[in-house]
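All remarks here apply to the structure that follows.
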Amino acid sequence: MILDALDLPDGHVLDADICVVGGGAVGISLALELRGSGLDVLLLESGGEDEEEDTQALYAGKVVDERMHSPPDRYRQRRFGGSSTIWGGRCMPYDPIDFEMRDYMPHSGWPIGLDAIQPYYPQANRLCEVGRFDYTIETSFDQPSRPMIKGFESTHFTTDTLERFSCPTDFHIRYHERLASAGIRVLLHANVTGLHLHADGKAVERLTVKTLADKKGAGKTGAGKTGSSKTLGVRAKRVVLATGGLEIPRLLLANRDVHANGIGNAHDVVGRYYMCHVAGTIGTLHFSGGGDAVWNGYDVSDEGVYCRRRLALRPETQRAERIGNFVARLHFPRITDPRHNHAVLSALYFAKPIISYEYRKRLTEDGPFSWATWLHHLRNVVLGWPDAAGFAWHMLRDRKLAARKFPSIIIRSRSNLYSLDFHAEQAPNPESRIRLGSDTDPLGMPRLEVDWRYTRGDVETAERSLALLAADIQASGVGRFDYDPASVEYEMTRYGAYGGHHIGTARMGTDPKESVVDTDCRVHGMSNLYIAGSAVFPTSSQANPTLTAVALALRLARHLKEHIA
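Mapping of the sequence shown onto this note's numbering: residues 87 to 651, in sequence order.
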């Protein structure tokens, strides 16, 4: 059942067995798994069915170093479906080493192992629509596949593991019908501002939910006063916060009526250990051999799922080198440099105004605007217009109009020249954090202040991995990898923290002095408050977090079904 808080009378109170706060991929997955359990599930979503400017603006906040992190209202969507409405769809599970306590990785170690999450990955795969849970090239395809790099051999890297790509699935659209059925109530335009505790501070007694002023005239039914905001209440036996790695610490820190430092924050852990990923594009790969020497494109599984191989650092190498997890992909040359003489890349340079934020900021030139550069790009397009036209048709047919979209831009190099796109684990760092700012939003909630930081260890992961890869390519006789080792830190921070991967701000652990939730994702010291999503991850891995966040949500759903009274 889909309801709208704007249609309810001011002061209305809703009761539920389980209240899930946040209608993104994690919250929707959790609610769907509880469907049919006999429990009364209430899913609260701040936004509506579509993006709304005033609701999205509630995410606005400050960044301590604007070069290092995008504004807090970027990469996140405050609407039904959450950021699944804009995600790229890349999925892969975490690796066993990611869960280990590594003496060279400060603050590492999960209190659970991969075996605790593994049973939930197949269902997470289905919800994310990435086919069966199979992430190696040998087992995912019946027919022998072409090598990623012909003749490449390495004891440090493997090219056997895969990334699988979702449609990408907009969880709001894909699961709207199921969510509208009996057993789940979805309440839109419901902004949770208050987590009110019992006097002993050990349980949530009720939630305060506020709406923004209804610009359309008091919702659908006309109940209430036109243009007025409303305050509602929610009482639930169990409450799950699934609002993302930035908003979760805001809710916990802002509610201080019983616990002076915020809920779950007796030891100043909430909002700390904030991780994204460190990533960049670097160097030039020169491969020898013919046109079949390199395959940098997508393989399509028998389910129609796009899959892509990458160069993945082996766990034994990570331990031996005492560095974090690391993967790399073959990438086209830097778009802004017209010396690539490629019509498609220059066409993308001109398409900056219509390209999404994440990719548009990567088209920022290193220096001031140059007419010579602009004219060189124009020359590339004019001379190679058939290639540019063919690429435009491919993107229209296979991405814009297709139900399962071609995941990204793939450029085949006729001369076997590529750059390297890398994506690496960021170490947990208590000085990298989310805290409350001094400004408030229209609902009276403190806005966020983001202080994202990286460490020397993060740089060393990238530096050492790239050096090993360059040596292995040279030793294999397949070509060479030219890059400036002194530029690694610059390249990995050129665009700041990577995208929308907000990890670790309410981390899982057994010691309340160093963590926020226990192994069941329950806030330490609280009997009925849980957290779902990548905020609870103690480490970041090299992997995008969505698939593992959904799997953990399914695990939490099972716990709730088994333990709710």
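Heads up, the beta-carbon is just placed ideally off N, CA and C, and yes, glycines get one too. Just so we're clear, the structure is a prediction, and the values are computed from it rather than from any experiment.
What are the residues that DSSP puts in a beta bridge with residue i?
{"i": "glycine 366", "result": "Phe508"}
{"i": "cysteine 393", "result": "Arg250 and Asp385"}
{"i": "alanine 102", "result": "Ala322"}
{"i": "threonine 607", "result": "Checking the displayed sequence, the identity of residue 607 turns out to be cysteine instead of threonine. According to DSSP, which records beta bridges pairwise, cysteine 607 is partnered with nothing at all."}
{"i": "histidine 372", "result": "Leu503 and Arg566"}
{"i": "histidine 282", "result": "Arg292"}
{"i": "lysine 599", "result": "For lysine 599, which the question treats as bridged, DSSP gives no partner whatsoever."}
{"i": "alanine 414", "result": "Leu397 and Phe508"}
{"i": "phenylalanine 243", "result": "Leu399"}
{"i": "cysteine 214", "result": "Looking at the DSSP assignment, cysteine 214 forms no beta bridge with any residue, so it has no partner."}
{"i": "methionine 594", "result": "Val603"}
For residue i, I'd like the list of residues in its chain whose CB is within less than 6 angstroms of its CB, leaving aside the five on either flank, ordered along the chain.
{"i": "asparagine 630", "result": "Arg176"}
{"i": "isoleucine 496", "result": "Gly383"}
{"i": "glutamate 517", "result": "Arg539"}
{"i": "valine 272", "result": "Ile88, Leu129 and Leu265"}
{"i": "leucine 529", "result": "Asn277, Thr279 and Lys296"}
{"i": "arginine 358", "result": "Pro516 and Arg519"}
{"i": "histidine 193", "result": "Pro514"}
{"i": "serine 240", "result": "Asp558"}
{"i": "threonine 171", "result": "Gln163 and Asp256"}
For residue i, count neighbouring Cβ atoms within 10 angstroms of its own Cβ and tell me buried if that reaches 16, exposed if not.
{"i": "histidine 649", "result": "exposed"}
{"i": "arginine 212", "result": "exposed"}
{"i": "tryptophan 173", "result": "buried"}
{"i": "glutamate 263", "result": "exposed"}
{"i": "serine 132", "result": "buried"}
{"i": "methionine 178", "result": "buried"}
{"i": "methionine 361", "result": "buried"}
{"i": "phenylalanine 455", "result": "exposed"}
{"i": "aspartate 286", "result": "exposed"}
{"i": "asparagine 427", "result": "exposed"}
{"i": "tryptophan 479", "result": "exposed"}
{"i": "serine 524", "result": "exposed"}
{"i": "tryptophan 457", "result": "exposed"}
{"i": "arginine 641", "result": "buried"}
{"i": "glutamate 402", "result": "exposed"}
{"i": "glutamate 224", "result": "exposed"}
{"i": "glycine 390", "result": "exposed"}
{"i": "leucine 337", "result": "buried"}
Less than 7 angstroms between C-beta atoms, sequence neighbours within five positions excluded: which residues of the same chain meet that for residue i?
{"i": "glycine 280", "result": "Leu293, Thr294 and Asn341"}
{"i": "glycine 308", "result": "Confidence is the limiting factor: at glycine 308 the pLDDT is only 42, short of 50, which leaves the residue's position unreliable, though a coordinate-based value still follows. Within the same chain, glycine 308 has no close Cβ partners at all."}
{"i": "arginine 153", "result": "Gly582"}
{"i": "phenylalanine 243", "result": "Leu397, Ala398, Leu399, Arg400, Leu555 and Asp558"}
{"i": "alanine 474", "result": "Ala429, Val430, Ala433 and Val467"}
{"i": "proline 424", "result": "Ser432, Thr459, His462, His463 and Asn466"}
{"i": "aspartate 527", "result": "Leu144 and Arg533"}
{"i": "serine 409", "result": "A small fix is needed here, since residue 409 is isoleucine in this sequence, not serine. Here the set comprises Glu546, Thr547, Arg550 and Ser551."}
Starting from the Cα of residue i, find the closest Cα among the options and give me that residue.
{"i": "glycine 217", "options": "Ala276, Ala346, Asp93 and Tyr392", "result": "Tyr392"}
{"i": "arginine 165", "options": "Asp201, Gly113 and Arg121", "result": "Gly113"}
{"i": "serine 494", "options": "Ile441, Val622, Tyr206 and Gly410", "result": "Ile441"}
{"i": "aspartate 90", "options": "Ala474, Phe477, Asp300 and Arg395", "result": "Asp300"}
{"i": "glutamate 138", "options": "Phe477, Asp96, Gly122 and His275", "result": "His275"}
{"i": "glycine 331", "options": "Gly124, Asp423 and Arg521", "result": "Arg521"}
{"i": "valine 380", "options": "Ser387, Ser499, Ile235 and Thr367", "result": "Ile235"}
{"i": "glutamine 628", "options": "Ala328, Leu640, Lys323 and Ile589", "result": "Ile589"}
{"i": "glutamate 333", "options": "Ile104, Trp471 and Arg519", "result": "Arg519"}
{"i": "glycine 237", "options": "Asp151, Leu283, Gly375 and Asp343", "result": "Gly375"}
{"i": "threonine 247", "options": "Asn347, Arg395, Leu337 and Ser314", "result": "Arg395"}
{"i": "glycine 269", "options": "Trp457, Gly122 and Ser551", "result": "Gly122"}
{"i": "lysine 486", "options": "Asn411, Asp568 and Pro254", "result": "Pro254"}
{"i": "serine 562", "options": "His345, His372 and Ala406", "result": "His372"}
{"i": "glutamate 546", "options": "Tyr435, Pro182 and Met578", "result": "Met578"}
{"i": "leucine 633", "options": "Phe251, Gly108 and Phe477", "result": "Phe251"}
{"i": "arginine 580", "options": "Pro192, His155, Glu249 and Ile617", "result": "His155"}
{"i": "serine 613", "options": "Lys316, Ile198, Glu249 and Arg324", "result": "Arg324"}
{"i": "alanine 328", "options": "Cys607, Gly470 and Arg644", "result": "Cys607"}
{"i": "alanine 510", "options": "Asp151, Asp181 and Ser231", "result": "Asp181"}
{"i": "proline 624", "options": "Ala639, Glu600 and Gln404", "result": "Glu600"}
{"i": "histidine 258", "options": "Arg644, Tyr206, Gly167 and Gln229", "result": "Gly167"}
To which residues of the same chain is residue i closer than 8 angstroms at the C-beta, ignoring the five residues directly before and after it?
{"i": "proline 157", "result": "Ala146, Gly147 and Val149"}
{"i": "glycine 319", "result": "Gly97, His98, Val99, Leu100, Arg292, Leu293, Thr294 and Val295"}
{"i": "serine 169", "result": "Gly110, Ala111, Tyr161, Arg162, Gln163, Gly330 and Gly586"}
8 angstroms is my cut-off, CB to CB: does residue i come that close to chain C?
{"i": "glutamine 163", "result": "No chain C is part of this structure, which consists of one protein chain only."}
Problem set entry | Contact the segment 410-423 vs the segment 503-522: 3+ CB pairs below 8 angstroms | The answer is yes - the segment 503-522 touches the segment 410-423, with three or more Cβ pairs under 8 angstroms.
For this session: Would you check if the segment 121-139 and the segment 351-358 touch, i.e. whether three or more CB-CB distances between them fall below 8 angstroms?
Result: Result no; under three Cβ-Cβ pairs closer than 8 angstroms.
For this session: Check whether the segment 590-597 touches the segment 363-371, taking contact to mean three or more Cβ pairs, one atom from each stretch, closer than 8 angstroms.
Result: Taking a cut-off of 8 angstroms for Cβ pairs, the segment 590-597 and the segment 363-371 do not touch, as fewer than three such pairs fall below it.
Exercise. So, do the segment 178-188 and the segment 561-580 have three or more beta carbon pairs nearer to each other than 8 angstroms?
Worked result: Not touching, per the Cβ criterion.
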